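Asker: Protein chains in written order, with the working numbering: chain A, 31 to 140; chain B, 1357 to 1467.
Yeah, the Cβ is synthetic: ideal placement off N, Cα and C, and Gly gets one too.
Keep in mind that this is a model prediction, so the values were computed, not measured.
#1: Comparing the C-beta of residue 126 of chain A with each C-beta of chain B, is any distance below 9 angstroms?
#2: According to DSSP, is residue 139 of chain A part of a helix, a strand, or is it coil?
#3: Can the beta-carbon of residue 1446 of chain B be found less than 9 angstroms from the beta-carbon of residue 1393 of chain B?
#4: What is the DSSP secondary structure of residue 1459 of chain B, counted as helix, strand or coil?
#5: Check each residue of the stretch 1365–1383 of chain B: if its Cβ is closer than 8 angstroms to any Cβ of chain A, include it; give the result in chain order.
#6: Does chain B have any CB closer than 9 angstroms to the CB of residue 129 of chain A?
#7: Residue 139 of chain A: buried (16+ other C-beta within 10 angstroms of its C-beta) or exposed?
#8: Please confirm whether residue 67 of chain A and residue 115 of chain A have their CB atoms less than 9 angstroms apart.
#9: Could one say the Cβ of residue 117 of chain A lies closer than 9 angstroms to chain B's Cβ atoms, at least one of them?
#10: CB-CB under 6 angstroms to residue 69 of chain A, same chain, minus the five flanking residues each way: which ones, in chain order?
#11: Quick one: list the residues of chain A neighbouring residue 1478 of chain B, beta-carbon separation under 9 angstroms, in chain order.
#12: Just the chain B side, please: which residues come within less than 9 angstroms of residue 132 of chain A by C-beta, in chain order?
#13: Less than 9 angstroms between CB atoms is the rule here; does residue 1404 of chain B satisfy it with respect to chain A?
#14: On the criterion of 16 or more Cβ atoms from any shown chain inside 10 Å, does residue 1425 of chain B qualify as buried, or is it exposed?
#15: Identify whether residue 112 of chain A lies in helix, strand or coil by the three-state DSSP scheme.
#16: Run through DSSP, which three-state label would residue 1398 of chain B get?
Quick look at the structure:
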């Protein structure tokens, strides 16, 4: 799996959009970008994934640059419950294992 | 549809004992993967089972083993427990070639 780089921590004011960046400059053409988050001591929660087009679901939006070397996860209206570690992962869909990095610890400030 | 369930949620064992953890995947999912999470090493892949066969394995000693049953439920076993085995053990399931969904985990403390 390609290596990803994320900032170790970020702050965001409650009610504002949280924009979490991820660099994956060595991504291959058949690798997807996945985002998971982990709230303290719980199992990772799937958020969203995409290949090259921007994606949106009820939780978040995923913006992937045209060269696919970086992406941004957007939580449109952050709440205190969004406080978590966010993991950006690139993987081939058929891969059985996920290689997690250290992720970004997002603090939502009241 | 019910999510991935893991039992027990918490467990305390002593060094040298063995432990068995259980995972029930989402209905219809045939792939089950196991991960270990510790503060020092983060989330690490243990192994993956599909249709009762181990399909992929991480870099863990032989004390860590698993199996999958015909109903896709899976168990993992750790023998001769060491203090360093204290961790959150996570199970994830998926339909083949789809997104993995994680359970709540089993927190194991080895004294």
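Answerer: Per the coordinate set shown:
#1: yes
#2: In the structure shown, the three-state DSSP call for residue 139 of chain A is strand.
#3: Less than 9 angstroms divides the Cβ of residue 1446 of chain B from the Cβ of residue 1393 of chain B.
#4: coil
#5: Flagged: no residues at all.
#6: yes
#7: exposed
#8: yes
#9: yes
#10: If you ignore the 5 residues before and after residue 69 of chain A, its C-beta comes within less than 6 angstroms of the C-beta of 114, all in its own chain and listed in chain order.
#11: The first residue shown for chain B is 1357 and the last is 1467, placing residue 1478 of chain B beyond what the model contains.
#12: 1398
#13: yes
#14: exposed
#15: helix
#16: strand
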